[in-house]
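First residue of the sequence shown: 358, per the numbering used here; consecutive thereafter.
We put the CB at the ideal spot given by N, CA and C, even for glycine.
Owing to the predicted nature of the structure, the values given are computational and were not obtained by experimental measurement.
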Amino acid sequence: MSIRNLDKLMTPRSIVAIGASARPGSIGAAVTRNLLSSGFQGDIHLVNLKGGEIGGRPVRKSIGEIGVPADLAVIMTPAETVPRLVLELGERGTRAAVIITSGPGAGPEAREDNARWRKRILRAAQPHLLRVVGPNCIGYAAPRLGLNASFGPRGLKAGRVAAVAQSGAVLAGLADWGTAQNIGFSHLISMGDMADVDFGDVLDMLGRDYETRAVLMYVEGITHARKFMSAARSVARVKPVIVLKAGRHAAAAKAAASHTGSMAGSVAVYDAAFARAGLVGVRGLGELFDAAETLGHAILPRNERLAILTNGGGMGIIATDLLIDEGGDLAALQPRTIMALDKQLPRSWSRDNPVDIVGDADGARYAATVDALADDRTVGAILAMNVPTTLTSSVEVARAIVAAPGRKAVPLIGCWVGGPQAQEGRQVLHEAGIPAYDTPLRAVRGFMHVVQYRRGQRALQRTPPSVPEVRSDTQLVRAVVEGALAEKRTVLTEPEAKRVLAAYGIPVVPTEVVLDAAEAAAAAVRIGFPVAVKILSREITHKSDVGGVALDLDSEQAVVEAVRAIHDKACTAAPGARIDGYVIQPMIKRPHAVELILGAAEDPVFGPILLVGHGGVAAEVIDDKVLALPPLDPVLAEDALSRTRVDRLLRGYRDRRPAARDAVADAMVRLSQLIADVGEIAELDVNPLLADAEGVIALDARIVVARPVAGQERGARFAIRPYPVELDTEISHRGQTLRIRPIRPDDEPLIQSFTRRLAPEDVRMRFFGPIRELTHEMAARLTQIDYDREMAFLLLDGQELQGVGRLAADPGFEEAEFALVVASDRQGRGYGRLLLEHVLHYAKARGVVRVVGYVLRENHKMLDLAKGLGFQRQSGRVGQPDIRVVKETATL
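Next comes the structure, spelled out in structure tokens:
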């Protein structure tokens, strides 16, 4: 849906608990106790059919006895009462409800009954735009408001980390663990069955919440993949999101005609989606706790290099190994740092990183070392480790570190290894706001979660190179696909598949189709020996599995014999299969080439997925493949390729020259474009794709086709909306031919150049302040947009950029904000009106209800333009020197 009315969940002024109880051991009693004892300053109303009193508060017998409707309702009554209560709450004006009640049935056989029950709840809620969290959840808590409307742990501490979980048990465990570790939470949200509010809604909500600096998520399944990806990508740009996906080995098995198709429904797709969104994935609950430790204490390293401080050399070595295993880097200490430490430490110290300050190190020695490392700008963070000994006190060491001045200059992570003595030291660190772990592995992983987030942020902001637009013959592909579907075939023949690839510029081996041995021999003479012969059958998908391939044939007689042998083997292995002929191809002699596989398939949750990995007949055995979510650009394609093991071969070794990795990435981008343009392609494998220093060539391909959903817009299947090529248009304006097209990530240099052309006053009018030059981060935010919720149109005269019109919608498309700028030397030509009209018509087509803009009071040109297009002026926001202009798209 959207974040509409979720403010009533986030910051309610009043709450009604329906099903409140004092009966020991009941859920109603647990929730009521938490609600009344957590310090909520708003109104709390209790409702139970029996009436009475709880904790000195009156208990109403019905919602109707409450005078003013509550912002938030918590429902704990029997399942059959819930839909009626939701309807009554909505009619009275309540706009958010947390439904703790589970469905009426139990066990797998009750699944349909519970689904119908959830639909009844939604039908009751939707006319009143009442938002539902749950059902079947443990509740909701906002500790900074003193709000705990759950039957989870009590005594929650307020903080800057939000915890979101589909499992109530996991959320309760996180909450209780946070209390023990002195970690606070901004929100704890139990998602339950997600009948209405889902992960996308919650991420949108938390992304706008200043009090939340990081998000922890426990996910069992995602609904509404595009909404989730849009929200996740938006949030991950500004705050870390750590996610644990449960059910990693419960992937749905399905028969597939391609290697890639067999990956659909697997956890690898979730991993690819999380990586594409910039989320940090973890593999277990312990890692999720470790992430909460560093994020909960707001650890922000100065850089990604770690200094390890220890009183035990072995522990330092273990931590170093673990850091490198996790992909981290040790800080290389500066000479002046070593000199400073020489003055403070005994002669036997390690004189390197890890910094071993010897087993008798006391608090003063630890503190002096922390101060010296803090002065070294190559150190991004310090991991201070301590192993209890009889020579010193772990507690005294912890207190000394807390008091060290350097601790305020560089982030500090503690690792006090051991039992009761170490626990006391960890408690001292926790109370001082320093994350503290009990093992080196947990400490290193806690640090690396923050590092991985920083790396993910950079990945989200990388600018792809400017490449020529993919030239394609989409009409030819549609004709091939339509021909197969008309014959009620779901698998293209190999020659058809290669025609499809060639139409999108992916190099393929030349192919001739023949009907018998004599034609095969003649074709081989034309092509030139040696050749390969393959069976051609619409009913045989994997040719090599039925002995349907013969290679390195060097004579006419060899070809004739091969055709006969292939025919006999195919008839034996696949009796009854129709043999359509044979394929003759030249043997491609590229001895140093690496065999790859490229593929595409459709995942039931995230839609189209792409695959790259080690190819050939042993592709399944080698099992070296990486999934990626399209659409791809060269940077994203190269990133996926770099995560395969086979990429090490592509980079060259010994006498082998590096392969043209850019050609592989280009083929992946073209494949991404193909499946975006042609929705009938359901599965596709290119295997093998040979790659060497000369480029790439596809030797074989398999494509599965199916009728798409009628009336579905281009790219609707994608979790991330592809570049909208359909919005690239030419228009005639005052005798000129201009082009308006959506912005692309590789337009960053164009935007940078355009901004430099703007007069300082025009920059101030557009950005509400002076900007000398756009930083890379700013330019990346402007060019790397989510085409689903955002749009930026470039107005081009030839290759020169003349103006930019931008639209950013809220998640529910109720309101969208526009922004507009025209080149300073091109103003007065009607470009501004042209762009704004284009933006407004696009907004209407996307279903946006209201378009708004914020304009400086002195920007008379923009105010006049807005007025001329029917915008109404409203008062500016409090404390802001601007004017809000509003237009309902229905008036267009």
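Original post:
In or out: T580 buried (at least 16 other Cβ within 10 Å) or exposed?
Top reply: In the sequence shown, counting from the first residue as 1, residue 580 sits at position 223. The residue in question, T580, is exposed, as its Cβ has fewer than 16 Cβ neighbours within 10 Å.
**OP:** Using DSSP bridges, identify the partner residues of S547.
**Re:** Position 190 of the sequence shown, counting from 1, holds the residue named residue 547. Note: S547 sits in a beta bridge opposite A522.
**OP:** May I have a chain-ordered list of the beta strand (DSSP E) segments no shorter than 3 residues that lie completely inside the segment 727–768?
**Re:** Within the segment 727–768, the complete beta strand (DSSP E) segments at least 3 residues long are 738–743, listed from N- to C-terminus.
**OP:** Count the other C-beta atoms from every protein chain shown that fall within 10 angstroms of the C-beta of M574, then say buried if there are 16 or more, exposed otherwise.
**Re:** Start at 1 with the first residue of the sequence shown, and residue 574 comes out as number 217. Around the C-beta of M574, 16 or more other C-beta atoms lie within 10 Å, and the residue is accordingly described as buried.
Original post:
Cα separation between G412 and A453?
Top reply: Here residue 412 is taken as the residue at index 55 of the sequence shown, counted from 1. Here residue 453 is taken as the residue at index 96 of the sequence shown, counted from 1. For G412 and A453, the distance between alpha carbons rounds to 25 Å.
Original post:
Three or more C-beta pairs closer than 8 Å, one from the segment 1210–1218 and one from the segment 1164–1181: is that the case here?
Top reply: Segments in contact, yes.
Original post:
When DSSP labels each residue in this structure, what does Y810 get in the three-state scheme?
Top reply: Position 453 of the sequence shown holds residue 810. Correct three-state label for Y810: helix.
Original post:
Does the Cβ-Cβ distance between V767 and A738 come in under 8 Å?
Top reply: By 1-based counting over the sequence shown, the position of residue 767 is 410. By 1-based counting over the sequence shown, the position of residue 738 is 381. For V767 and A738, yes; Cβs fall inside 8 Å.
**OP:** Following the continuous alpha helix (DSSP H) through V857, name the residue where it begins and the one where it ends.
**Re:** Taking the sequence shown and counting its residues from 1, one reaches residue 857 at position 500. In this chain, the alpha helix (DSSP H) harbouring V857 covers 851–860.
Original post:
Is the segment 830–841 in contact with the segment 806–814, if contact means three or more CB pairs nearer than 8 Å?
Top reply: In short, these stretches do not touch, since the Cβ pair count stays below three.
Original post:
Tell me which same chain residues have a C-beta within less than 6 Å of the C-beta of L953, skipping the five on either side of it?
Top reply: For the purposes of this step, residue 953 is taken as residue 596 along the sequence shown, with counting starting at 1. Hits under 6 Å: G972, L1046, A1048.
**OP:** State the DSSP-derived secondary structure class of P381, mapped to helix, strand or coil.
**Re:** Position 24 of the sequence shown, counted from the start, is the residue given in the question as residue 381. P381 falls in the coil class under three-state DSSP.
Subject >> Length-filtered (3 minimum) beta strand (DSSP E) runs lying within the segment 973–1016 >> reply: Runs of the beta strand (DSSP E) inside the segment 973–1016: 982–985.
**OP:** Please determine, among Y810, S623, S587, R1027, the residue with the shortest C-alpha to C-alpha distance to G638.
**Re:** Within the sequence shown, the letter at position 281 stands for residue 638. Looking at the Cα atoms, Y810 is the closest of the given residues.
Subject >> Same chain, Cβ closer than 7 Å to A607, neighbours up to 5 away in sequence not counted >> reply: The residue labelled residue 607 in the question sits at position 250 within the sequence shown. Only weak support is given to the placement of A607: the predicted model assigns it a pLDDT of 47, under 50, and the value that follows is read from those uncertain coordinates. Apart from the 5 residues on each side of it in sequence, A607 has no Cβ closer than 7 Å to any other Cβ in its chain.
Subject >> Reference A985; option with closest CA among L967, V940, I1032, G1187 >> reply: By 1-based counting over the sequence shown, the position of residue 985 is 628. Put simply, of L967, V940, I1032, G1187 the residue whose alpha carbon is nearest the alpha carbon of A985 is L967.
Subject >> Local Cβ density within 10 Å of P597, reported as buried at 16 or more and exposed below that >> reply: Here residue 597 corresponds to residue number 240 of the sequence shown, with the count starting at 1. Buried is the call here.
Subject >> 6 Å CB neighbourhood of L601 in its chain, flanking five on each side removed >> reply: Counting from 1 along the sequence shown, the entry for residue 601 is found at position 244. The answer, listed in chain order, is Y575, V639, L645.
Original post:
When the Cα atoms are used, what is the spatial distance from S378 to I478?
Top reply: Position 21 of the sequence shown, counted from the first residue, corresponds to residue 378. Position 121 of the sequence shown, counted from the first residue, corresponds to residue 478. Answer to the nearest angstrom: the Cα atoms are 23 Å apart.
**OP:** For the segment 1191–1221, list the beta strand (DSSP E) runs that are entirely contained and at least 3 residues long, ordered along the chain.
**Re:** List check, beta strand (DSSP E) in window: 1207–1213.
**OP:** May I have the straight-line CA-CA distance separating A877 from A915, to the nearest angstrom?
**Re:** By 1-based counting over the sequence shown, the position of residue 877 is 520. By 1-based counting over the sequence shown, the position of residue 915 is 558. In a straight line, the C-alpha of A877 is about 10 Å away from that of A915.
Subject >> Local conformation of I1038 per DSSP, three classes >> reply: Translated into the one-based positions of the sequence shown, residue 1038 becomes position 681. DSSP places I1038 in strand when its eight states are reduced to three.
Original post:
Hey, how far is the Cα of G862 from the Cα of T831?
Top reply: Within the sequence shown, numbered from 1, the residue matching residue 862 stands at position 505. Within the sequence shown, numbered from 1, the residue matching residue 831 stands at position 474. So the two alpha carbons sit approximately 11 Å from each other.
Original post:
Does the Cβ-Cβ distance between A927 and V903 come in under 8 Å?
Top reply: On the sequence shown, position 570 is the one that residue 927 refers to. On the sequence shown, position 546 is the one that residue 903 refers to. Yes, they are a contact pair.
Original post:
For the segment 662–725, which segments carrying the alpha helix (DSSP H) assignment without a break, of at least 4 residues, lie completely within its bounds, in sequence order?
Top reply: Annotation: the segment 662–725 contains the following complete segments of the alpha helix (DSSP H) (minimum length 4 residues), in chain order: 670–682, 692–701.
Original post:
Does the Cβ of L748 have 16 or more other Cβ atoms within 10 Å, making it buried, or fewer, making it exposed?
Top reply: Within the sequence shown, residue 748 is the residue found at index 391, counting from 1. L748 comes out exposed.
Original post:
How about G421 and N493: do their beta carbons lie closer than 8 Å?
Top reply: The residue you call residue 421 lines up with position 64 of the sequence shown. The residue you call residue 493 lines up with position 136 of the sequence shown. Not a contact, by the Cβ cut-off of 8 Å.
**OP:** Let me know the secondary structure DSSP gives V1043 once reduced to three states.
**Re:** Taking the sequence shown and counting its residues from 1, the one referred to as residue 1043 is at position 686. Strand.
Subject >> Whole-angstrom distance between A1058 and G956, CA atom to CA atom >> reply: Within the sequence shown, residue 956 is the residue found at index 599, counting from 1. Within the sequence shown, residue 1058 is the residue found at index 701, counting from 1. Distance between the alpha carbons of G956 and A1058: 9 Å.
**OP:** Return the CA-CA distance between A467 and W474, expressed in angstroms with no decimal places.
**Re:** Taking the sequence shown and counting its residues from 1, one reaches residue 467 at position 110. Taking the sequence shown and counting its residues from 1, one reaches residue 474 at position 117. When rounded, the separation of the alpha-carbon atoms in A467 and W474 is 11 Å.
Original post:
Who are the Cβ neighbours of A625 in its own chain at under 6 Å, not counting the five residues just before and after it?
Top reply: Residue mapping note: residue 625 aligns to position 268 of the sequence shown, counting from 1. The beta carbon of A625 is closer than 6 Å to those of L984 in its chain, skipping five residues each way along the sequence.
Original post:
Is there contact here, the segment 930–937 with the segment 991–1006, by at least three beta-carbon pairs under 8 Å?
Top reply: Below 8 Å, too few C-beta pairs join the segment 930–937 and the segment 991–1006 to call them touching: fewer than three.
**OP:** Tell me whether S459 sits in a helix, a strand or coil according to DSSP, three-state version.
**Re:** By 1-based counting over the sequence shown, the position of residue 459 is 102. Looking at S459 - three-state DSSP - the assignment turns out to be coil, as it is neither helix nor strand.
Subject >> K926 - DSSP class collapsed to helix/strand/coil >> reply: By 1-based counting over the sequence shown, the position of residue 926 is 569. Of the three classes helix, strand and coil, the one that applies to K926 here is helix, per DSSP.
Original post:
Do D981 and G970 come within 8 Å of each other at the CB atom, strictly closer than that value?
Top reply: Your numbering for residue 970 matches position 613 in the sequence shown. Your numbering for residue 981 matches position 624 in the sequence shown. Yes. Within cutoff.
**OP:** For A1020, I'd like the list of residues in its chain whose CB is within less than 8 Å of its CB, leaving aside the five on either flank, ordered along the chain.
**Re:** Position 663 of the sequence shown, counted from the start, is the residue given in the question as residue 1020. So the list reads A1048, G1052, V1053, once near-sequence residues are dropped.
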